[in-house]
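Under our numbering, think of the first position of the sequence shown as 38, with each following residue one higher.
Where a beta carbon is used, it is the ideal one built from N, C-alpha and C, also for glycine.
As the structure is a computational prediction, the values presented were derived from the model and not from experiment.
Please read the structure below before turning to the comments.
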Amino acid sequence: MEEESKKLSRLKLREFIDDLSNEELKSFILNYARSNAMFEMSMKAHFISRINIDNDGSKYKRLLDELVKPKTSSNNKVGATQVRTIALIIKDFVDQMLDALS
Numbered sequence: 038m039e040e041e042s043k044k045l046s047r048l049k050l051r052e053f054i055d056d057l058s059n060e061e062l063k064s065f066i067l068n069y070a071r072s073n074a075m076f077e078m079s080m081k082a083h084f085i086s087r088i089n090i091d092n093d094g095s096k097y098k099r100l101l102d103e104l105v106k107p108k109t110s111s112n113n114k115v116g117a118t119q120v121r122t123i124a125l126i127i128k129d130f131v132d133q134m135l136d137a138l139s
């Protein structure tokens, strides 16, 4: 009885990741990014410094242009989800900048 009342520990993400191949992980990330735009943008922002393009400014501009699109709806408001995504990405950019400066 006592054992039944004990809570089982949560499964740890690390337990899953450690046993995945690179291909399985890449496949999952690509599939998940197709269905979750916030995740896709967060991935791009987090790893953008690793992308080799002649003009570094160009890659950041392209990402920001993709993130902040002109509004064409009648209310011209940015939704709460997009605000959270923008805030996350800007924080990631600031963290990357601070790392580069240290």
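- Secondary structure note for LEU135: its alpha helix (DSSP H) is the uninterrupted segment 117 to 138.
- Per DSSP, the continuous alpha helix (DSSP H) segment holding ASP102 begins and ends at 93 to 104.
- Here THR118 is exposed, its C-beta having fewer than 16 other C-beta atoms within 10 Å.
- Around the beta-carbon of ILE66, fewer than 16 other beta-carbon atoms lie within 10 Å, marking it exposed.
- In this structure the stretch 121 to 136 lies against the stretch 78 to 88, because at least three pairs of beta carbons, one per stretch, are closer than 8 Å.
- If you check the CB distance, LEU125 and SER72 do not come in under 8 Å.
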